[in-house]
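Worksheet: one structure, shown below.
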Amino acid sequence: MLEQSKQPTLQNVVPAFYLLRNVWSEKNSTDDRRVKCLKKELVVQLDDKVWSAISAVHLTATYLDPTLREFVFVPSVQDRSLFISQAKDSLMAYACDEYEKRPERYSGESNEVSLAPPAKRQKMEADVDANDALGAFRSGNNAT
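According to this note's numbering, the sequence shown is numbered sequentially starting from 498.
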């Protein structure tokens, strides 16, 4: 899920964090006391170790993936909006840095940078991966 040799995976870090956090935060009446304790500790460690390692690069990579762009896996609408805003700011900063480094590459008639996302490509049946643990988070799927 987070490491594959032939596919980019940086965009999967944030959804994987939320997937694990959601699963480990679920209250299950059939869980033994020890399992409840373990799940609680896993959430604490996930928040402490993984969340602190997530950066603007991860948010931007997630935003750039058309199937994850809307951050539907983030339960808080306020956090979702913040992440999208941070990703857009990062992209704009990168575009400005690129323009300042190489203005000759961008000497077209318009220097405006659009933040409008490109049209989504249609998902082909061959693109669907039955082993995609984050498939429920991707747009176009019924489960969220």
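Every residue gets a Cβ at the ideal spot worked out from N, C-alpha and C, and that includes glycine.
None of the values given here were measured: they were computed from a predicted structure.
Only counting the same chain, and skipping five residues up and downstream in sequence, which positions put a Cβ closer than 8 Å to that of residue i?
i    : result
V554 : L507 and S587
Measure the beta-carbon distance from residue i to residue j and round it to whole angstroms, keeping in mind my assumption that it falls under 8 Å.
i    : j    : result
I630 : L516 : Per the sequence presented here, residue 630 reads as Ala, with Ile not at that position. Contact holds; Cβ gap of about 7 Å.
S512 : L565 : The sequence given here has Pro at residue 512, not Ser. That belief holds up - the Cβ atoms of P512 and L565 are roughly 6 Å apart, short of 8 Å.
F580 : V569 : Not quite, the Cβ-Cβ distance comes to about 11 Å (not below 8 Å), so this is no contact.
Measure the alpha-carbon distance for residue i versus residue j and round it to whole angstroms.
i    : j    : result
R602 : K585 : 22 Å
F634 : S582 : 19 Å
N519 : N525 : 12 Å
W521 : F514 : 11 Å
Q575 : Y560 : 16 Å
R599 : D528 : 58 Å
K546 : Y596 : 36 Å
E523 : K536 : 9 Å
Under the rule that 16 or more other beta-carbon atoms within 10 Å means buried, what is residue i, buried or exposed?
i    : result
V510 : buried
A592 : exposed
V541 : exposed
A590 : exposed
A558 : buried
C534 : exposed
Suppose the cutoff is 6 Å on Cβ atoms and the five residues either side in sequence are ignored; what does the same chain contact list for residue i look like?
i    : result
N639 : Because the pLDDT at N639 is just 46, under 50, the model does not fix this residue reliably, and the value given afterwards should be weighed accordingly. Around N639: no qualifying Cβ.
R577 : F568 and V571
D562 : Q508
Excluding the 5 residues flanking residue i on each side, which residues of the same chain have their C-beta closer than 7 Å to its C-beta?
i    : result
W548 : F514
I551 : V510, V511 and F514
R531 : none
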